[in-house]
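Sequential numbering of the sequence shown, starting at 15, is according to our numbering.
Quick reminder that beta carbons are idealized off the backbone N, C-alpha and C, glycines included.
These notes concern the structure reproduced below.
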Amino acid sequence: MLAAPAQAETWSCAWNDVVFKSAFTFVLTRKGKTFEHVDSEQTFTIVHESAEQIHAHSFYLDGKSMSALVLFKRVENRAPHFFNARIINGNANTSGEKPYVDTLSGYCTVH
15 MLAAPAQAET
25 WSCAWNDVVF
35 KSAFTFVLTR
45 KGKTFEHVDS
55 EQTFTIVHES
65 AEQIHAHSFY
75 LDGKSMSALV
85 LFKRVENRAP
95 HFFNARIING
105 NANTSGEKPY
115 VDTLSGYCTV
125 H
């Protein structure tokens, strides 16, 4: 059960990629107990929500990787932000290496 009431909301988030030396964005739209990624068919299922955070996870359509997402709500003077850990099965990448974790973090606006 969610600790905070579900609300219609959209999270627009951005991060800087140090490898590509570029800024990237993504948008998540809340639909009850899920967030839908606007530019893909990926859906994040909310597994925990409090007054300060939303925890969600998603399995990619290929079935070989998943994401754990934490959305940090605005608290006092701290702006909304996110942390995402993508766990990738070694067989899913082109080199056939062991599984690895790819992380992203950045700031968001919530409407």
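Item: Under the three-state reduction of DSSP, which class applies to residue 45: helix, strand or coil?; Value: strand
Item: So which of 115, 103, 93 and 81 has the shortest CA-CA distance to residue 123?; Value: 93
Item: If distances are taken between C-alpha atoms only, which option among 86, 28 and 25 comes closest to residue 65?; Value: 86
Item: Going along the chain, which residues of its own chain have a beta-carbon closer than 6 Å to the beta-carbon of residue 125, five neighbours each way excluded?; Value: 24
Item: Give the range of the beta strand (DSSP E) segment to which residue 31 is assigned.; Value: 24-31
Item: The beta strand (DSSP E) that contains residue 67, what's its start and end?; Value: 67-73
Item: Pull up the distance between the alpha-carbon of residue 15 and that of residue 47, whole angstroms please.; Value: Residue confidence for residue 15 is low, a pLDDT of 46 falling below 50, so the modelled location carries little weight and cannot support an answer.
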